[in-house]
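**Q** One structure, as structure tokens, below. Some questions next.
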Amino acid sequence: METWDAIRARRNVRVYTGQPIEGPALDRILEAGRRSPSSQNTQPWDFVVVTDRAQLQDLSKVWQGARHVANSAATVALVAPMRSEESQRGWVRYDLGQATMSMMLAAVDQGIGSAHAAVGDQDRVRQLLGFPEGRFCASLIAFGYPADRPLRPIRNPNRRPFDEVVHRGRW
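Letter by letter, the sequence shown follows residues 29 to 199 of my numbering.
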């Protein structure tokens, strides 16, 4: 799929077929995240990949909006170091956002859907995933093949009009 088509086809997918994601496809998604740009090339992320059904079901309970994680083929937890300075926290979150979008676009390119979820219960997610103190799980990205319809460029997305969003030179 061309990059522009992948951007136009990406949507949140929360209902998946039972088809597993093969290793090379999942590794390509993770590699896209690993190659993402970051502030001063700090690469503040670690990715914890979960494919075990029981673990996915437990993971889906770390936030009320993460129910789709339970039926995903794979979910990636984005883990990063805790930072004390506000500016550093902002950079980490921005960098994680870039890694998230890179993984989501790499997934679309392979016909794999995705949807992100926040994490509310840090103690529970730390227990489930085993990451060390001094780090937090910023978000989850669930991946799976869409059960409802394939990923195709969306002709009329539910987005604010272009001329309302884009300001040239000044507001």
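Where a beta carbon is used, it is the ideal one built from N, C-alpha and C, also for glycine. None of the values given here were measured: they were computed from a predicted structure.
In the DSSP assignment, find the unbroken beta strand (DSSP E) run with A143 in it and report its ends.
**A** It spans G141 to A145 - the beta strand (DSSP E) in which A143 sits, taken as one unbroken run.
**Q** Check whether the segment 128-135 and the segment 186-199 are in contact - that is, three or more C-beta pairs closer than 8 Å.
**A** These segments do not touch.
**Q** Please list the terminal residues of the continuous alpha helix (DSSP H) segment that includes T103.
**A** That residue, T103, is in no alpha helix (DSSP H); its beta strand (DSSP E) goes A102 to P109.
**Q** Which of helix, strand or coil does DSSP assign to D33?
**A** D33: helix per DSSP, three-state reduction.
**Q** Among P52, S66 and V104, which has the Cα closest to the Cα of G118?
**A** Looking at the Cα atoms, S66 is the closest of the given residues.
**Q** I believe G172 touches T45 by the beta-carbon criterion, under 8 Å. Please report the beta-carbon distance rounded to the nearest angstrom.
**A** The pair is a contact, with the Cβ atoms about 7 Å apart (cut-off 8 Å).
**Q** Any contact between the segment 149-166 and the segment 104-111? By contact I mean 3 or more CB pairs, one from each, below 8 Å.
**A** Segments in contact, yes.
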